[in-house]
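Per full-length UniProt numbering: the sequence shown = residues 1 to 213.
First comes the structure, then the notes that go with it.
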Amino acid sequence: MLLPFLRAGLDVDGSDVSPDMLAWCSAKAEAEGLSVDLYTQPMHKLALPRQYFTVVLCGAFGLGGNRALDLEGLRRIHSHLKPNGTLVMDHHFVQQAPGSTYTDPKSLELPHPWPERGDRRRASDGTELELRTRLLEVNAQEGNIVREISVRQFRGDVEVTSETYSIVICIYSMDDVQSMLVQAGFSEVRVSGTLEVHDPALDSDRIIIEATA
Numbered sequence: 001m002l003l004p005f006l007r008a009g010l011d012v013d014g015s016d017v018s019p020d021m022l023a024w025c026s027a028k029a030e031a032e033g034l035s036v037d038l039y040t041q042p043m044h045k046l047a048l049p050r051q052y053f054t055v056v057l058c059g060a061f062g063l064g065g066n067r068a069l070d071l072e073g074l075r076r077i078h079s080h081l082k083p084n085g086t087l088v089m090d091h092h093f094v095q096q097a098p099g100s101t102y103t104d105p106k107s108l109e110l111p112h113p114w115p116e117r118g119d120r121r122r123a124s125d126g127t128e129l130e131l132r133t134r135l136l137e138v139n140a141q142e143g144n145i146v147r148e149i150s151v152r153q154f155r156g157d158v159e160v161t162s163e164t165y166s167i168v169i170c171i172y173s174m175d176d177v178q179s180m181l182v183q184a185g186f187s188e189v190r191v192s193g194t195l196e197v198h199d200p201a202l203d204s205d206r207i208i209i210e211a212t213a
């Protein structure tokens, strides 16, 4: 998302917890003759040298932490916004229909099996990267799930390398998110639309939320 903003001539900075992601972004920007300041920081430790009219939080809220860290992250973002600045964020709402597996984790056979084939993308060197996810744990009392993520690299039909890791995803309702944003200091919270109708990889619906500082 950062690269299109830079191409449009916007004054933007970037932050991510992953040095690898930032290195990739920096290399892409440099290859296009674009200049950008990038910071390796988790959201709950955000400490940037200036404030912004807009902060965009994409695909990160609720990942890898807990409620206290997520709330602190929102507070940090609020402190980096200028008066009446806007936070634009997406959020996944895991489906929790009555009798669903998320409300009755004892009914699950965990871990779920890996899908036979994942989402494949072609890299610049001609290899293909395949992403697969599966449900590993459901922690109803703590309000989170654990997903296992597999990344495999293929050259033709031959697997070259593979890597597997897990990530904690905190589960929040719309009321939870609104309450946390208000606690973090935001004065107005609104849902501006649906970003994706359904994301099968996360078993969730994803919406866009705007919050005013």
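Every residue gets a Cβ at the ideal spot worked out from N, C-alpha and C, and that includes glycine.
| Asked | Found |
| --- | --- |
| Close Cβ partners of K82 (< 7 Å) along its chain, the five nearest in sequence each way excluded | Q51, Y52, F53 |
| Buried or exposed (CB count within 10 angstroms, at least 16 for buried), C25 | buried |
| CA-to-CA distance, R134 to Y165, given in whole angstroms | 11 Å |
| Best match in V88, L110, S79 for proximity to G59 [C-alpha to C-alpha] | V88 |
| Runs of alpha helix (DSSP H) wholly within the stretch 140 to 202 (minimum 4 residues, chain order) | 174 to 183 |
| Coil, strand or helix - E130 by DSSP | strand |
| H91 to K45 span [Cα, whole Å] | 20 Å |
| A68 versus R155: straight-line alpha-carbon distance, rounded | 43 Å |
| Neighbour-count burial assignment, D70, 16 or more Cβ in a 10 Å radius | buried |
| Cutoff 8 Å: I169 Cβ touching any chain B Cβ | In the structure shown, chain B does not exist; there is a single protein chain. |
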